[in-house]
Amino acid sequence: MPAVLPALTFIGLHYWAGSGRAFQPVADLLAPDYPLLAPDLLGFGAAPEPAVSSYSVGAYARQVESFIAENEVGRYVLVGHSMGGKIALALAAHQPAGLVGVALLSPSPPSPEPMTDADRMASLRAYGKRPEAEKTFQKITARTLPEPLHQQILDDNLRSTRLAWDAWLLHGSREDLSAQMGNVRVPCTIIVGDQDDVMSPSVHGLETLPLLPVGTPLEIIGGAGHLLPYEAPEEVAELLRAFAHRL
Numbered sequence: 127m128p129a130v131l132p133a134l135t136f137i138g139l140h141y142w143a144g145s146g147r148a149f150q151p152v153a154d155l156l157a158p159d160y161p162l163l164a165p166d167l168l169g170f171g172a173a174p175e176p177a178v179s180s181y182s183v184g185a186y187a188r189q190v191e192s193f194i195a196e197n198e199v200g201r202y203v204l205v206g207h208s209m210g211g212k213i214a215l216a217l218a219a220h221q222p223a224g225l226v227g228v229a230l231l232s233p234s235p236p237s238p239e240p241m242t243d244a245d246r247m248a249s250l251r252a253y254g255k256r257p258e259a260e261k262t263f264q265k266i267t268a269r270t271l272p273e274p275l276h277q278q279i280l281d282d283n284l285r286s287t288r289l290a291w292d293a294w295l296l297h298g299s300r301e302d303l304s305a306q307m308g309n310v311r312v313p314c315t316i317i318v319g320d321q322d323d324v325m326s327p328s329v330h331g332l333e334t335l336p337l338l339p340v341g342t343p344l345e346i347i348g349g350a351g352h353l354l355p356y357e358a359p360e361e362v363a364e365l366l367r368a369f370a371h372r373l
């Protein structure tokens with residue numbers, strides 16, 4: 127008889143100015159077959175301020191590794207969304223025990239994120255302002271969302287800490303992990319929305335795909351913007367299930 131593999135868990139890493147609860151719609155669709163755990167990353171959601179104010183990509187990767195160990199997760203797939211995608215790749219490059227795959231949802235690329243100085247400054251000035259949070263919501267979504275989810279996205283934006291907000295814009299998004307990507311040895315997949323006004327599918331094809339293992343697919347979800355876990359949970363869950371079956 128073939129050996130029975132231990133259960134597979136998805137670990138969701140959320141987008142900048144979001145929180146782990148962004149993955150709840152996808153988690154509900156994957157249950158009960160696959161658990162999905164999604165921590166709040168340092169400085170976002172309900173995560174506490176770190177004792178040492180480090181919000182580097184490496185510091186986030188260490189937080190996620192500690193979370194996985196504390197929850198005694200065995201085999202797992204990292205599901206990195208936007209900022210979380212860069213963090214997922216940083217952790218995968220260290221080849222941690224138990225990691226069997228990486229799924230990237232509209233990921234921040236391993237190279238410095240393409241962002242104009244004007245956009246960066248505008249985002250820095252937008253901190254803590256509800257009208258600006260609403261503008262961001264309109265920019266990063268393409269599909270209509272229920273009002274409770276709309277408000278949840280705004281609330282997550284506004285409860286981000288200033289240190290974490292600025293650190294990603296000024297430093298984390300600019301980190302270059304390209305040289306480490308040869309150490310990513312597990313299967314990967316990229317999932318993007320064709321209406322993403324933050325990072326178009328072409329950005330992923332040019333900046334991220336060439337650095338991942340040969341044969342990594344680029345899946346495109348029609349009519350979806352940047353917030354895939356909110357906008358397209360059914361499509362994301364279906365693609366994650368298919369990815370898990372191939373592992």
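The opening residue of the sequence shown carries number 127 in my numbering; numbering runs sequentially from there. Using N, Cα and C, we set each Cβ at its ideal position, and we do this for glycine too. As the structure is a computational prediction, the values presented were derived from the model and not from experiment.
DSSP lists no bridge partner for R367. Within the same chain, and ignoring the five residues on either side of N309 in sequence, the residues whose Cβ sits closer than 7 Å to its Cβ are A219, Q221. For V226, the enclosing beta strand (DSSP E) covers residues 225-231. Among the bridge pairs identified by DSSP, F170 is matched with none.
Out of F136, T135, A133, A143, the CA that lies nearest to the CA of Q278 is found in A143. By the CB criterion at 8 Å, G224 and Y202 fall inside the cutoff.
By DSSP's assignment, Y202 forms a beta bridge with T135, L225. Assignment of beta strand (DSSP E) within the stretch 279-348, counting only whole runs of 3 or more residues, yields 314-319, 344-347 in chain order. Taking 8 Å as the upper bound for CB-CB distance, A214 and G206 are in contact here, some 3 Å apart. The three-state reading of DSSP puts L215 in helix, counting H, G and I together.
By the CB criterion at 8 Å, E333 and P176 fall outside the cutoff. The beta carbon of L366 is closer than 8 Å to those of F136, V152, L156, Y160, V203, V205, A229 in its chain, skipping five residues each way along the sequence.
Residue pairing for H140: DSSP places it in no beta bridge. In the DSSP annotation of this structure, the continuous segment of the alpha helix (DSSP H) that includes E357 starts and ends at 354-357.
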